[in-house]
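Peer 1: Got a structure here, written out as structure tokens. Questions coming.
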Amino acid sequence: LKDPSTTMRKTIVLFWCLLHLGRSSAFHIAPLVGVRSRQESDTKTSLDAAIVSGDKVVIFGGTGGVGQLVTKKLRNLDDDISVRIAARSVESAKETIDDDQVEILEVDLLAEDDTTQLESALDGVSAVIISVGTTAFPTLTWRGGNTPDAIDNRAVTRIAQVATKLPALKRIMLLTSVGVDRTSEMPFVILNLFGVLDAKRNGEIAVKQAAQEAGFDYVIVRPGRLVGGPYTNIDFVRLLKIEGGAENGVTVAKGDELLGDCKRDACAEAVVQCLTNEKSGNLEISIISNEDKALTNSEWDSLFERIQG
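Residue numbers for the sequence shown follow the working numbering, beginning at 8 and rising by one.
Right, dumping it as structure tokens:
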């Protein structure tokens, strides 16, 4: 596949413009506003939650932008929480992660007929984070079958199915996107031209079905358009040379209601908070960035209580 054509670039620009038109209204849509990442002064996170000291977490997509940040946050949270990365290339992942305490295993998510690697990656873990994806529009990234349906649907489904065999699994977390329930609305009609939101929605269904079957918790996080580093792909922000997003805050709503940008670091913080808070189980949230100050851990705790209520 070739890089996006002039027509495709115009489509992407149009999508970006429409997405930004919705940013001002996004803060009014959310039933809960002012949700932010952790304050620097509040560095201790309660581990009397889903994941506790001594547990092992595996991250699929750990070398991606959000995945790298989640890995660092978990490593800084507690030295006794073991982190494992499931990566396509062990050598490349080691260069990206650069942490000898992080275990890295090779997993080819496109290997549909063999679950051996998945079983090894999931062996002995208490939590699974799935932060995988590909470009929404055809690019060189799609070479070798790395399409939205192959990654966001079929690969996620296989991970979820293998996870049902894990007796000690507490929670599985999946990152998808805002718009999965609004594919007939603008601007998501454009974003879904090649089926990326349909694929992500099918992945969500597979995770929820697996959780119901096996009895573990699930959390689905639907961020807005991801902005800010680290950059690992040709996404809209990098393609159009866009920087931005709030430095600290995120607005959170239950379900799929928001529209706007989400800074990668804020998204990663939300993932860690969901992973370590017992009140966030069996929850679906959407998040976008805002300019508010950071929430303390106790405020995150109150937030999950209100959403669950």
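We put the CB at the ideal spot given by N, CA and C, even for glycine. Fair warning: this is a prediction, and the values are worked out from it, not measured in the lab.
Let me know the secondary structure DSSP gives aspartate 272 once reduced to three states.
Peer 2: In the displayed model, aspartate 272 falls within a helix according to three-state DSSP.
Peer 1: Within a Cβ cutoff of 8 Å, which residues of the same chain sit near serine 96, ignoring the five residues on either side of it in sequence?
Peer 2: Glu113
Peer 1: Going by beta carbon distance, what residues of the same chain come within less than 7 Å of threonine 122, once the five residues before and after it are set aside?
Peer 2: Arg165 and Val169
Peer 1: Going along the chain, which unbroken runs of the beta strand (DSSP E) with 3 or more residues stay wholly within the segment 89-152?
Peer 2: 89-94, 110-113 and 134-137
Peer 1: With C-beta atoms as the reference, is isoleucine 66 less than 8 Å away from alanine 93?
Peer 2: Against a cut-off of 8 Å, the Cβ pair of alanine 93 and isoleucine 66 comes out as a contact.
Peer 1: Give the secondary structure of valine 185 by DSSP, where H, G and I count as helix, E and B as strand, and everything else as coil.
Peer 2: In the displayed model, valine 185 falls within coil according to three-state DSSP, outside both helix and strand.
Peer 1: In the DSSP assignment, what residue or residues form a beta bridge with threonine 67?
Peer 2: This sequence places phenylalanine at residue 67; threonine is not what is there. In DSSP, phenylalanine 67 forms a bridge with Ala93 and Ile137.
Peer 1: Would you please state the rounded distance, in angstroms, between the beta carbons of asparagine 289 and aspartate 205? I believe it to be under 8 Å.
Peer 2: That pair is no contact at about 23 Å.
Peer 1: Would you call leucine 310 buried or exposed, if buried means 16 or more other Cβ atoms sit within 10 Å of its Cβ?
Peer 2: Burial call: buried.
Peer 1: For the segment 210-224 against the segment 170-179, are there 3 or more C-beta pairs whose distance is under 8 Å?
Peer 2: yes
Peer 1: Tell me which residue opens and which closes the alpha helix (DSSP H) that leucine 198 is part of.
Peer 2: 195-198
Peer 1: CB serine 344 to CB glutamate 312, shorter than 8 Å?
Peer 2: In this structure the chain extends from 8 to 316, so residue 344 is not present and cannot be described.
Peer 1: Verify whether the separation of the beta carbon atoms of valine 259 and serine 296 is less than 8 Å.
Peer 2: With respect to serine 296, valine 259 sits apart: the two C-beta atoms are not nearer than 8 Å.
Peer 1: Of the choices Lys79, Asp308 and Gln124, whose alpha-carbon is the least far from that of serine 287?
Peer 2: Asp308
Peer 1: Name the two residues that bound the continuous alpha helix (DSSP H) containing asparagine 304.
Peer 2: 304-315
Peer 1: Relative to the alpha-carbon of glycine 222, which residue among Val73, Leu76, Ser133 and Asn209 has its alpha-carbon at the smallest distance?
Peer 2: Ser133
Peer 1: Using a 10 Å radius around the Cβ and a threshold of 16 neighbouring Cβ atoms, would you call aspartate 86 buried or exposed?
Peer 2: exposed
Peer 1: Alpha carbon to alpha carbon, how far is leucine 117 from tryptophan 149?
Peer 2: 12 Å
Peer 1: Would you decide whether alanine 143 is buried or exposed? Buried here means 16 or more other CB atoms lie within 10 Å of its CB.
Peer 2: buried
Peer 1: Pull the bridge partners of proline 174 from the DSSP assignment, please.
Peer 2: DSSP, once it has assigned bridges, lists no residue as partnering proline 174.
Peer 1: One question on the structure: do lysine 177 and isoleucine 88 come within less than 8 Å of each other, judged by their Cβ atoms?
Peer 2: no
Peer 1: Would you list the one or two residues that DSSP bridges to valine 234?
Peer 2: Lys270
Peer 1: Could you check whether methionine 180 and valine 228 sit closer than 8 Å to each other, using their CB atoms as the reference points?
Peer 2: yes
Peer 1: Quick check on lysine 286: does DSSP put it in helix, strand or coil?
Peer 2: helix
Peer 1: Classify glutamate 291 as helix, strand or coil using the three-state DSSP reduction.
Peer 2: strand
Peer 1: Alpha carbon to alpha carbon, how far is asparagine 160 from glutamate 306? Give it in angstroms, no decimals.
Peer 2: 34 Å
Peer 1: Which stretch, first to last residue, makes up the beta strand (DSSP E) that contains valine 59?
Peer 2: Careful: valine 59 lies outside any beta strand (DSSP E) and carries neither H nor E.
Peer 1: Residues in the same chain with beta-carbon distance under 6 Å from asparagine 199, minus the five sequence neighbours each way, listed in chain order, please.
Peer 2: Thr190
Peer 1: Taking valine 256 as part of the alpha helix (DSSP H), name the residues at either end of that continuous run.
Peer 2: As written in the sequence, residue 256 is glycine, which differs from the valine given in the question. Segment 256-261 is the beta strand (DSSP E) holding glycine 256; no alpha helix (DSSP H) there.
Peer 1: Measure the alpha-carbon distance for leucine 275 versus valine 73 and round it to whole angstroms.
Peer 2: One detail in the question is off: residue 275 reads as alanine in this sequence, not leucine. Between alanine 275 and valine 73, the alpha-carbon positions lie close to 6 Å from each other.
Peer 1: If you drop the 5 nearest sequence neighbours on each side, which residues of the same chain put their C-beta closer than 6 Å to that of glycine 210?
Peer 2: Asp159, Asn160 and Val163
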